[in-house]
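Asks: Residue numbers (the numbering used here): 210 to 376.
Every residue, glycine too, gets a C-beta built ideally from N, C-alpha and C.
My questions will all concern the structure given below.
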């Protein structure tokens, strides 16, 4: 502690106010995040979500909190997800990122890039899942590949024409 600073007792209500302000700040950060945030337990039960998750999936936040992550990930089987993703995560270890499909409330599917982290809270282990809809990016990549293939085909035809013209 710096030599000129003294510890000043803070009244209990001051701690409550500081705690409330801190909670409000972090809730705002989570709610305003552009990426979808899902917090679920190791059985897949969704505990908490943000506005981006509700907006993208078409479910309300309350509906999502009463669902399992398997309701959103149609290709995930409970045992498979646990074995492949969740059991391998370590709280201090690196997050795991992969692509999968998610299902919206209307039944439509979208490509999602998901990053999972295991977190330990006072009441147990949880999985923090940050997801983003990458459908548009995937479509753009397919379009670029298609254009690249067309360019290569055009270049081949041009080469054949030049070769034929020289003969």
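How many angstroms separate the CA atom of residue 321 from the CA atom of residue 239?
Replies: As a working mapping, residue 321 is identified with position 112 in the chain shown. As a working mapping, residue 239 is identified with position 30 in the chain shown. Roughly 19 Å separates the two Cα atoms.
Asks: Could you round the C-beta distance between residue 236 and residue 255 to whole angstroms and report it? I think they count as a contact, below 8 Å.
Replies: Residue numbering aside, residue 236 sits at position 27 when the chain shown is read from its first letter. Residue numbering aside, residue 255 sits at position 46 when the chain shown is read from its first letter. Not confirmed; about 17 Å, so no contact.
Asks: Is it buried or exposed for residue 210, if we count other Cβ within 10 angstroms and need 16 for buried?
Replies: Counting from 1 along the chain shown, the entry for residue 210 is found at position 1. For residue 210, the predicted structure reports a pLDDT of 48, less than 50, and the residue's modelled location is therefore unreliable. A value from the coordinates is still provided. Per the 10 Å Cβ criterion, exposed.
Asks: Please look up how many angstroms separate the CB atoms of residue 341 and residue 245, rounded, as I've assumed it's under 8 Å.
Replies: What you label residue 341 is simply residue 132 of the chain shown in a count that begins at 1. What you label residue 245 is simply residue 36 of the chain shown in a count that begins at 1. Yes, residue 341 and residue 245 are in contact; Cβ-Cβ is about 7 Å, under 8 Å.
Asks: Let me know if residue 258 comes out buried or exposed under the rule of 16 or more other beta-carbons within 10 Å of its beta-carbon.
Replies: Within the chain shown, numbered from 1, the residue matching residue 258 stands at position 49. Residue 258 counts as buried, since at least 16 other C-beta atoms from the protein chains shown sit within 10 angstroms of its C-beta.
Asks: By the 10 Å Cβ neighbour count, where 16 or more other Cβ atoms means buried, how is residue 329 classified, buried or exposed?
Replies: The sequence position of residue 329 within the chain shown is 120, counting from 1. That one is exposed.
Asks: With a threshold of 16 other CB atoms inside 10 Å of the CB of residue 325, please say whether the residue is buried or exposed.
Replies: Walking along the chain shown from the start, residue 325 turns up at place 116. The residue in question, residue 325, is buried, as its Cβ has 16 or more Cβ neighbours within 10 Å.
Asks: Residue 363: buried (16+ other C-beta within 10 angstroms of its C-beta) or exposed?
Replies: Residue numbering aside, residue 363 sits at position 154 when the chain shown is read from its first letter. Flag for residue 363 reads exposed.
Asks: Is residue 250 closer than 9 Å to residue 333 when the C-beta atoms are compared?
Replies: Along the chain shown, one-based indexing puts residue 333 at 124. Along the chain shown, one-based indexing puts residue 250 at 41. In this structure, residue 333 sits near residue 250, with a CB-CB distance shorter than 9 Å.
Asks: Would you mind working out which of 312, 266, 284 and 305 sits nearest residue 327, comparing C-alpha positions?
Replies: Along the chain shown, read from residue 1 onward, the residue named residue 327 stands at position 118. 305 is the residue among 312, 266, 284 and 305 whose C-alpha sits nearest the C-alpha of residue 327.
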